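Chemist: Residues in the sequence shown are numbered from 2 upward in steps of one, following the numbering used here.
Virtual Cβ for every residue (Gly too), placed ideally from N, Cα, C.
Quantities reported herein were computed from a predicted structural model and do not represent experimental measurements.
First, the structure itself, so that you have it in front of you.
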Amino acid sequence: MTTGPVTTTAPLLNGQIIGITYHAIAAVRDQLLAARGLTFHQSVALKAVADGLDRAVVVDRVTSTLKVDASRAHALLDELAAGGLLDGVRPTPPSLTDKGESLHRGFTDAVAGLTERLYGDLPAAEREIAARVLAHVTARANAELAAPSPRA
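Given below as structure tokens:
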């Protein structure tokens with residue numbers, strides 16, 4: 002008895018695949034952050050400050066990105082200032098100290114290396130499609146969160 006070649010069909014993109022991928026990448030990212038004494042939430046706030054945003058815009062970015070309230074975003078900025086990573090937290094726009102800049106640059110460089118190892122050999126066209134699909138799914142999920150009542 003002969004059998005033909007075995008073919009496998011790639012699974013369709015779904016929440017489970019996205020979740021498994023997210024957790025795998027997040028675990029590696031969290032190792033990079035832990036080596037620098039940072040949490041992911043702190044890194045998001047640090048990046049917003051590094052982008053030169055004023056405090057209100059930093060707080061808006063942190064709340065929308067991390068789905069936390071403004072008091073938690075302010076607390077993250079205060080933690081970074083207490084750690085010597087930020088200057089001018091209140092009332093002026095926050096800015097990175099030399100220590101904060103060095104930490105941010107080191108983490109950014111580490112993430113660039115990780116990104117290259119994870120995605121570097123994938124065709125650009127496939128990466129563009131994946132980015133569009135994930136952006137669309139993110140927008141839909143954010144709309145669900147903004148809806149007045151849970152949907153079943």
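Going by CA-CA distance only, name the one from Glu80, Ser65, Arg30 that's closest to Leu119.
Modeler: Arg30
Chemist: Which stretch, first to last residue, makes up the alpha helix (DSSP H) that contains Ser72?
Modeler: Residue range 71 to 83 is occupied by the alpha helix (DSSP H) that includes Ser72.
Chemist: Less than 8 Å between C-beta atoms, sequence neighbours within five positions excluded: which residues of the same chain meet that for Leu146?
Modeler: Lys68
Chemist: Would you call the segment 19 to 36 in contact with the segment 61 to 79, where contact means no fewer than 3 C-beta pairs closer than 8 Å?
Modeler: no
Chemist: Checking 8 Å against the spacing of the C-beta atoms, do Pro12 and Ile19 come in under that value?
Modeler: no
Chemist: Thinking just about the alpha-carbon of each residue, which of Val112, Val138, Leu135 is nearest to the one in Gln32?
Modeler: Val112
Chemist: If we ignore side chains and look at the alpha-carbon of each, how far apart do Ala51 and Thr9 end up?
Modeler: Going by the C-alpha atoms only, they are around 45 Å apart.
Chemist: Using beta-carbon positions only, say whether Leu115 and Thr98 come within less than 8 Å of one another.
Modeler: In this structure, Leu115 keeps its C-beta atom at 8 Å or more from the C-beta atom of Thr98.
Chemist: Taking the alpha helix (DSSP H) that Ala49 belongs to, which residues open and close that run?
Modeler: 41 to 51
Chemist: Please work out which residues of its chain come closer than 6 Å, Cβ to Cβ, to Ser96, disregarding the five sequence neighbours upstream and downstream, and give them in chain order.
Modeler: Asp88, Gly89
Chemist: Would you mind stating whether Val58 and His75 have Cβ atoms separated by less than 8 Å?
Modeler: no
Chemist: Compare the Cα-Cα distances from Lys100 to each of Thr93, Thr109, Gly84, Pro94 and report the closest residue.
Modeler: Gly84
Chemist: Tell me the DSSP secondary structure of Ser96 in three-state form.
Modeler: strand
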